[in-house]
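According to UniProt numbering, numbering within the sequence shown proceeds without interruption in unit steps and concludes at 208. Just so you know, even glycine gets a beta-carbon here, dropped at the ideal spot from N, CA and C. Note that the coordinates shown come from a computational prediction; the quantities given were computed from them, not determined experimentally.
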Amino acid sequence: MFVTKVSFGLLAMLMVFSAEGKVKHIFIYTHIHQFANYACNFFILTIITCIRFFPRSNERDYITIESRSGCYSYVGRQGYSQTVSLARNGCLYHSTVQHELLHALGFNHEQTRSDRDNHIQVIWENISDDMKYNFNKINTLNQGTPYDYSSVMQYERYAFSKNGRPTMIPIPNNNAALGTSTEMSAVSVASHTFISVLLIPELILYLQ
1 MFVTKVSFGL LAMLMVFSAE GKVKHIFIYT HIHQFANYAC NFFILTIITC
51 IRFFPRSNER DYITIESRSG CYSYVGRQGY SQTVSLARNG CLYHSTVQHE
101 LLHALGFNHE QTRSDRDNHI QVIWENISDD MKYNFNKINT LNQGTPYDYS
151 SVMQYERYAF SKNGRPTMIP IPNNNAALGT STEMSAVSVA SHTFISVLLI
201 PELILYLQ
């Protein structure tokens with residue numbers, strides 16, 4: 001099944017996927033740097049969260065990580081093979097990899113939280129018309145967590161601007177930084193130390 005090992009706390013919203021507590025995946029790569037980058041981010045997520053990744057055997061629902069055109073993922077389990085695209089050119093940043101993996105695990109953008117109007121002001125007239133859907137509020141399960149202005153799931157203040165002006169302003173402090181995190185959480189993780197040959201054997205991944 002396609003899930004994480006979660007029962008309580010910050011990631012409790014992921015319980016809806018399954019009780020097995022596993023994320024099944026196939027790992028597809030075309031370059032050793034790409035492999036090392038993914039390995040690093042799998043390791044970071046395992047260390048700082050209760051998310052665990054496992055190689056797929058014959059499970060019906062699983063994710064594949066591929067270098068396609070662009071950086072994208074469905075939100076949450078879709079069923080059967082589910083692709084997370086992380087293009088070698090443009091997507092191999094820790095924040096981007098973690099952003100897309102978290103989408104696959106069910107996390108939405110921070111600015112779509114149901115309580116976002118208490119924390120940011122969306123400037124609709126500055127947003128490109130074809131991108132406004134990225135700012136629509138949804139009914140989220142926030143689990144009592146504070147709004148994270150710097151989250152890897154939060155867009156930066158000029159995201160999808162059509163005129164160079166801000167599309168979001170934090171409130172009450174409009175000088176607060178938006179979407180500046182390079183890691184999933186505030187836990188201090190020296191990310192580059194994880195890219196080593198000592199790390200690779202610890203991650204058992206299927207290659208296709």
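>> Among the candidates Tyr158, Asp61, Ala177 and Arg77, whose CA atom is the shortest distance from the CA of phenylalanine 107?
In response: Arg77
>> Using a Cβ distance threshold of 8 Å, determine whether the stretch 95 to 106 contacts the stretch 116 to 132, with at least three qualifying pairs required.
In response: no
> Going by Cα to Cα distance, which pick from Ala177, Pro55 and Thr83 is closest to residue 209?
Replying inline: It is not possible to answer for residue 209, since the shown part of the chain is limited to 1 through 208.
> Which value, in whole angstroms, describes the spacing of the CA atoms of aspartate 61 and asparagine 174?
Replying inline: 43 Å
>> For threonine 64, tell me which candidate among Gly70, Val84, Tyr74 and Ser73 has the shortest Cα-Cα distance.
In response: Val84
> Going by the beta-carbon positions, is the gap between glycine 179 and serine 161 smaller than 8 Å?
Replying inline: no
> Mind checking arginine 157: buried by the 16 CB within 10 Å criterion, or exposed?
Replying inline: buried
>> Judging by CA-CA distance, which residue of Gly79, Cys71, Ser95 and Ile120 is the nearest neighbour of leucine 86?
In response: Cys71
>> Going by beta-carbon coordinates alone, are serine 181 and asparagine 142 separated by less than 8 Å?
In response: no
>> Give me the residue from Asn134, Gly79 and His94 with the minimum Cα distance to glutamine 111.
In response: Asn134
>> If you measure between the beta carbons of glutamine 121 and methionine 168, is that distance less than 8 Å?
In response: yes
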